[in-house]
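The structure under discussion appears below in the form of structure tokens.
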Amino acid sequence: MVPPSLLHEFSHAETRACVQCLDGNPENRHHSNQFGVHLRTPGQRECAMGRFLLAFAAIVVTTSIASAQSPSPNGVKTLNPAGAIKTTGTWDVGTRAGDFVFVAGMRGIDPKTNTLVQGDEARIRQAFLNMKLIAESEGASLRDCVRIVVYVTDMFRFRPLVNKVQEELWGKPPYPPRTIIEVHRLNQDDITEVEGTFYAPMKK
Amino acid sequence: MVPPSLLHEFSHAETRACVQCLDGNPENRHHSNQFGVHLRTPGQRECAMGRFLLAFAAIVVTTSIASAQSPSPNGVKTLNPAGAIKTTGTWDVGTRAGDFVFVAGMRGIDPKTNTLVQGDEARIRQAFLNMKLIAESEGASLRDCVRIVVYVTDMFRFRPLVNKVQEELWGKPPYPPRTIIEVHRLNQDDITEVEGTFYAPMKK
Amino acid sequence: MVPPSLLHEFSHAETRACVQCLDGNPENRHHSNQFGVHLRTPGQRECAMGRFLLAFAAIVVTTSIASAQSPSPNGVKTLNPAGAIKTTGTWDVGTRAGDFVFVAGMRGIDPKTNTLVQGDEARIRQAFLNMKLIAESEGASLRDCVRIVVYVTDMFRFRPLVNKVQEELWGKPPYPPRTIIEVHRLNQDDITEVEGTFYAPMKK
């Protein structure tokens, strides 16, 4: 059985091999299976390591996806909970440091397929659900969110949808302090991204 | 007397009822009185709940505006200090979690009228004053600010004004670490927004 | 010998005197020596205080650049480590508050010359190195980073370079949670800015 640390190394090695398909070129749309292995899509040049990695992935199928990282020198824990999206590139989905949980900017990627959810409202809901899952893996609910920043690519179109989705997911006030801004572009020409910080004290 | 929790619910229920006037359409300019009740302005369709709510607001006039929220499961306290702007939409103005105070992105809204202050410099000053009031409600001064992000819609025009306002409000160095960026659009086509985090330890 | 606190006051006084050359007008390019004194460049109107300050700077040459600030009322420590870039304007490069270190948005400014590094990749690397130096001055390595936000002015061109630089500087996973967005403009029409938060507990 492949130890978790090796699996994680593998996951990132694969990412480097495919870096050309990760950087915003809409012609190079890609998707990944649950092991983060890039699959060739029509019109995309085949990933050189694809076949090998698919085979390798089958071997590690019984290994936990939520691989453990050893903490940083100062005790920062990198998060990689089961069910979260797989990162492609030089980032991980979250950290815990002391009593706070920091979640990377989340977009509406379906963790089951690692592709963007179709439909504006559904995609925005998925972005918030992706954030929620990571926070909950460290014991923080949406109510324990201390701040969010929401980036949209069209304030008029997407801010009302963000409001609607938050109202649905939080259910009732209070809501976290929010900063919402319209930016020029998000990765993959996406429409909304949300970054959140949460509070989950080690000793309650 | 209406209990504070009911007042808060009411405030948010009203927000939902008027959500169409909150989402960036410059044709739908609105303003609110001190109870967060939307008043009809020329050219704006009348808010369906407006008359009822105005009447209701009169009843709760003696109730503290700064309604208390019970803390989150993990102990996050939602802030709603007297004198702060009233939120319209799915956000609150700030949180305290442990020793930190997080303030939502503040713009130059006059808390007395809930409308934007006229004049670029005056409006930017108001944004910082709004942030300051919320931080001070938890015992943090501007000198206890640990970071700010300033969003402007024109770097050339507004960065000098931000510098001027900060110099005036802080009085002298040191200043907090700052990130300033020009974005495509802010809510209500505003010109500057500032998000700040503060430090206010429970035990000094 | 000039006490450090006076040097710091001086440094900021000078900044105010020259505020017109700091606010984004590409016609007014300036540079500073290691004491933060603005030097006249061809085509720039002479700074009124320039000559006096240059002379004054010679006097304080033996004084530590990394001047100490007394902490804020709540204990926020303003950072000004040796080797860091010199700030021009109403900001400092970082703070420590409790167990966290907050670094201002860093761009690819060479601290030796206080001018922008030439070359896209080299400039982006410098931005991360500037952040790293400040974090390390408080005992936090890149592995102790809990979140970063990366602002780029072209997602297609600069995100791959950010990935490359992070891979080089971190060496291997894990990486911190990241939010990357394309914004309209950065100060000095720069290409990339990174804001990071770090964890460095007082008691390990």
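Residue numbers (the working numbering), protein chains in the order written: chain E, -9 to 194; chain H, -9 to 194; chain B, -9 to 194. All C-beta atoms, glycine included, are put in the ideal place defined by N, C-alpha and C. Quantities reported herein were computed from a predicted structural model and do not represent experimental measurements.
When CB distances to chain E are screened at a threshold of 7 Å, the residues of the region 86 to 108 of chain H falling below it are ALA87, GLY88, PHE92, VAL93, ALA94, GLY95, in chain order. Secondary structure of B:ILE138 (DSSP, three-state): strand.
Per DSSP, the unbroken alpha helix (DSSP H) holding H:MET121 starts and ends at 110 to 126. In the three-state reduction of the DSSP assignment, B:ARG133 falls in the helix class. Here the region 113 to 120 of chain E does not lie against the region 148 to 166 of chain H, with fewer than 3 beta-carbon pairs under 8 Å apart.
Residues are counted here when their Cβ sits less than 9 Å from a Cβ of chain E; for the region 145 to 163 of chain H the count is zero. Cβ-Cβ separation between B:ILE138 and B:VAL83: approximately 15 Å, too far for a contact (criterion under 8 Å).
Under DSSP, H:GLY186 forms a beta bridge with H:VAL93, H:ILE138. The residue among E:ASN153, E:ASN177, E:GLY161, E:LEU123 with its C-alpha nearest the C-alpha of E:LEU69 is E:LEU123. A Cβ-Cβ separation of about 5 Å places H:VAL136 in contact with B:ALA87 under the 8 Å criterion. Pairing B:VAL140 with B:THR182 gives a Cβ-Cβ distance under 9 Å.
In the displayed model, H:ASP179 falls within a helix according to three-state DSSP. The contact set of E:SER131 on chain H, defined by CB atoms closer than 9 Å, consists of SER62, PRO63, ASN64 in chain order.
With respect to the C-alpha of B:ARG147, the residue from E:ASN177, E:MET145, E:PRO61, E:ILE171 having the closest C-alpha is E:ASN177. Around the beta carbon of H:MET192, a 10 Å sphere encloses fewer than 16 other beta carbons of the protein chains shown; the residue is thus reported as exposed.
At a cut-off of 9 Å, the C-beta of E:VAL184 has no neighbouring C-beta in chain H. The beta carbon of E:ASP144 lies closer than 8 Å to those of GLU172, ILE181 in the same chain, with the five residues before and after it left out.
Taking the Cα positions, E:THR78 is about 12 Å away from E:THR105. Think of a sphere of 7 Å around the beta carbon of H:TYR141: the chain E residues whose beta carbon falls inside it are ILE171, in chain order. The beta carbons of E:ILE170 and E:VAL142 sit closer together than 9 Å.
At a cut-off of 9 Å, the C-beta of H:ASP134 has a neighbouring C-beta in chain B. Per DSSP, the continuous beta strand (DSSP E) segment holding E:LYS67 begins and ends at 67 to 69. H:SER127 sits buried, since 16 or more C-beta atoms from the chains shown fall within 10 Å of its C-beta. If you draw a straight line from the Cα of H:PRO63 to the Cα of B:VAL91, it is about 27 Å long. The beta carbon of H:GLY129 sits closer than 7 Å to the beta carbons of ALA190 from its chain, once the five residues preceding and following it are set aside; these are given in chain order. H:ARG113 has a beta carbon lying at 9 Å or more from every beta carbon in chain B. If you ignore the 5 residues before and after B:LYS154, its C-beta comes within less than 8 Å of the C-beta of GLU111, all in its own chain and listed in chain order. By alpha-carbon distance to H:MET121, the top candidate from H:GLN108, H:GLY109, H:PRO101 is H:PRO101. Close CB contacts of B:ARG97 within its chain, under the 6 Å cut and outside five residues either way in sequence, are with ALA117, ASP180, GLU183 (chain order). Counting only residues of its own chain and dropping the five nearest sequence neighbours on each side, H:ARG149 has a CB closer than 7 Å to the CB of VAL142, ILE170. If you look at B:THR80, you'll find it isn't in any beta strand (DSSP E); DSSP assigns it neither H nor E.
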